[in-house]
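For the record, in the sequence shown the residue sitting at position 346 is 704 according to the numbering used here, with numbers rising by one throughout. Just so you know, even glycine gets a beta-carbon here, dropped at the ideal spot from N, CA and C.
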Amino acid sequence: MSGDIQVPIPINEPVHSYAPGTPERAALKEKLAEMQREEIEFPLIIGGKEVRTGKTYKAVMPHRHGHTLATWHMAGKEEAEMAIRAAREAWREWSEWSWEDRASVFLKAADLLATSWRDAVNAATMLCQSKTAHQAEIDSACELIDFFRFNVYFAERLYEDQPLSAPGMWNRLEYRPLEGFIYAITPFNFTSIAGNLPTAPAIMGNTVVWKPSRPAVFSGYYLMRMFEAAGVPPGVINFLPGDPRAVTEAVLNSPDFGGIHYTGSTGVFQSFWRTIGENIEKYQTYPRIVGETGGKDFIIAHSSADPDALTTAIVRGGYEYQGQKCSAVSRVYVPDTLWRRIRGDLLDQVSSIPMGDVADFRNFMGAVIDEKSFDDISGYIEHARGSKDAEVLVGGECDKSEGYFIRPTLVQAHRPDFKLMCEEIFGPVVTLYVYQESEWEQALQLVDETSPYALTGAVFSEDRKVAAEAARRLRYAAGNFYINDKPTGAVVGQQPFGGARASGTNDKAGSMMNLLRWVSARSIKENFVPPTDYRYSYMGEE
Ligand code: NAD
């Protein structure tokens, strides 16, 4: 880093409302109509070049799966090896770029996304991931803009952290990019994560092979084109939608593999870790392993909780984006006394949630991502229906004839260890357990011990002492803990995000902690007055 150069102090990108009559609503609707009129074809982008494999897939809309948005080419082993070579080639220059030049590329990406690219990236996200306008705006526009701006700001602060120097010398820390390339492998559910996983290592001077998730390649392609428009040089980020197993096998077999930046389900991450362990002798350096994975996120309500705040948190936290947020409320613990007060209102609200085509802005929910998810989620609902240990209180209707629609579903479990209280479902299903008001202590223990995950969680209580007790008892139950708020909607720079236990390595996306994983520091000591005699003074004659 040179001189007094400083990146602008970031502020969170303001969220557009898309309320009736606003110009942003009209512009977004126009973009949605345009994207639905056309059907595009797109290639892989490796070393800045378009590559077409001829093995193609269709990108469809989850809420109308008969509608094709695009045909895309699928990478396999050969293309993965090409992408590795391209990343290695680009590394030579990119790893030598000055910090401020790299920062300017990503600050430009932020401004492009905030202006001319906003509608395209939001509309692509709405159509291919079935997000409402609001859910797309807070994800693919605001959160990703924040990732770019805050990451360059945090990188600058990281570089500023320098050691002390004793008299006669100068000590420095050089934050080198890692040797080798980084494998960014991204989930379907957040376009912002798809954008952040390849760019965070690139901001620190690394080059990247990026494999987006199959249902989200359409919005991923727009991101890739936006990176190019921002000035990301060829080969720094290689766009490789492809066969997950074949691409991953090629990547994890490469001696140049320098690290993985992953978000997705827990089992897949564990399989990567195993393979990396088996291959460890092949690598020129110990790879960095960063993964944010599944969750079984909770709300625990105390008898002193505000009933309306709790009800709203369950509805928004549980069903927004069809419950397909890693942070979505999935299990709720309510005392019997409070349950009697909120039951009617909660059921009314859940049953009245409007669901349908996301291009119709009156809807609160769209469809779940694909047929496999639809089948998995409806399987859980069937399990609840067929069990004496649970009751489906509201919802449960599933229909995949036109789109993968599952009504928001509330299940009451009669046992705290019922399957739906323990496993990640990743859909619009909230399971609730009613405990005796006098058993608050035991309820806290259940929250802590019921699931292997520890991503997000919330306590609702108007009694400060009780909230503090919950925060203490649940210290390791969530990496993002909320008091009187829903456990979703973390904002970059405000609530650094990530969980521990089976939920990941907790390297907090969009923070200095994450960026630190993408550098390997070199200590440099320069001696201005080096000794010229090997003998120490204690060795002198008495
Ligand atoms: P997923 O595990 O199905 O896919 C994630 C990525 O891994 C995709 O790119 C996919 O193609 C790839 N993949 C899948 N199977 C693979 C295999 N056998 N070999 C190699 N690659 C493979 O996850 P998803 O459905 O896209 O996302 C949902 C999951 O992600 C949930 O478990 C959710 O909790 C988690 N998630 C976590 C966070 C977080 O910050 N903790 C954020 C978002 C999503």
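| Item | Value |
| --- | --- |
| How would you label R302, buried or exposed, when you count the other beta carbons within 10 angstroms and need 16 or more for buried? | Outside the displayed range of the chain (359 to 900) lies residue 302, so it cannot be described from this structure. |
| List the residues that DSSP assigns as beta-bridge partners of D655. | V687 |
| In whole angstroms, what separates the C-alpha of V787 from that of G847? | 18 Å |
| In angstroms, rounded to a whole number, what distance separates the CA positions of R880 and Y579? | 36 Å |
| Under 8 Å, Cβ to Cβ, is there at least one residue of chain C near D655? | Looking for chain C here will not work: only one protein chain is present. |
| Give a single yes or no on whether G857 has its beta carbon closer than 7 Å to a heavy atom of the ligand NAD. | yes |
| When you compare each of P665, E607, M713, D614 to T633 by their alpha carbons, which one comes out closest? | E607 |
| Determine the closest residue to G652 out of G862, S759, G724, H431, with distance taken between C-alpha atoms. | G862 |
| Distance check for P521 and L390, CA to CA, integer angstroms please. | 52 Å |
| Any chance you could list the beta strand (DSSP E) runs of at least 3 consecutive residues sitting entirely within the region 461 to 541, in chain order? | 527 to 535 |
| Spell out the partners DSSP gives V792 in its beta bridges. | V692 |
| So does the region 881 to 898 actually touch the region 653 to 668, counting three or more Cβ pairs closer than 8 Å? | no |
| Under the three-state reduction of DSSP, which class applies to V566: helix, strand or coil? | strand |
| Hey, which unbroken runs of the alpha helix (DSSP H) at 4 residues or more fall wholly within the region 806 to 856? | 822 to 831 |
| When you measure from the CB of V626 to every non-hydrogen atom of the ligand NAD, does any distance come out below 7 Å? | yes |
| Can you give me the start and stop residues for the alpha helix (DSSP H) that Q394 sits inside? | 381 to 395 |
| Here's the rule I'm using: 16 or more other beta-carbon atoms within 10 Å means buried, otherwise exposed. How should W697 be labelled? | buried |
| Name the two residues that bound the continuous beta strand (DSSP E) containing Q770. | 767 to 771 |
| Can you tell me which of D655, Q642, S375, E439 puts its alpha carbon nearest to the alpha carbon of V566? | E439 |
| At what residues does the alpha helix (DSSP H) containing V329 begin and finish? | Shown here, the chain extends from 359 to 900; a query on residue 329 therefore has no answer. |
| Please classify G744 as buried or exposed, where buried requires at least 16 neighbouring CB atoms within 10 angstroms. | exposed |
| Anyone know if the C-beta pair for C486 and L427 falls short of 8 Å? | yes |
| Applying the criterion that 16 or more other CB atoms from any shown protein chain within 10 Å of the CB defines a buried residue, is Y811 buried or exposed? | buried |
| Taking only three categories from DSSP, how would you classify T414? | strand |
| Where P556 and K569 are concerned, what is the direct C-alpha to C-alpha distance, given to the nearest angstrom? | 9 Å |
| Who does V787 pair with in a DSSP beta bridge? | T767 |
| Which value, in whole angstroms, describes the spacing of the CA atoms of E501 and C684? | 15 Å |
| For D362, count neighbouring Cβ atoms within 10 angstroms of its own Cβ and tell me buried if that reaches 16, exposed if not. | exposed |
| State the Cα-Cα distance for the pair H619 and I595, rounded to the nearest angstrom. | 13 Å |
| Can the beta-carbon of V687 be found less than 8 Å from the beta-carbon of I735? | no |
| Provide the residue(s) that pair with D757 in DSSP beta bridges, ordered along the chain. | F763 |
| Relative to the C-alpha of F763, which candidate in D733, A826, E451, V726 has its C-alpha closest? | V726 |
| CB-CB under 6 Å to F506, same chain, minus the five flanking residues each way: which ones, in chain order? | F464, A467, A468 |
| Please report the distance separating the alpha-carbon of E388 from that of M871. | 40 Å |
| Consider the C-beta atom of P810 and the heavy atoms of the ligand NAD; say whether any pair is separated by less than 7 Å. | no |
| Please work out which residues of its chain come closer than 7 Å, Cβ to Cβ, to F400, disregarding the five sequence neighbours upstream and downstream, and give them in chain order. | A428, W430, Y579 |
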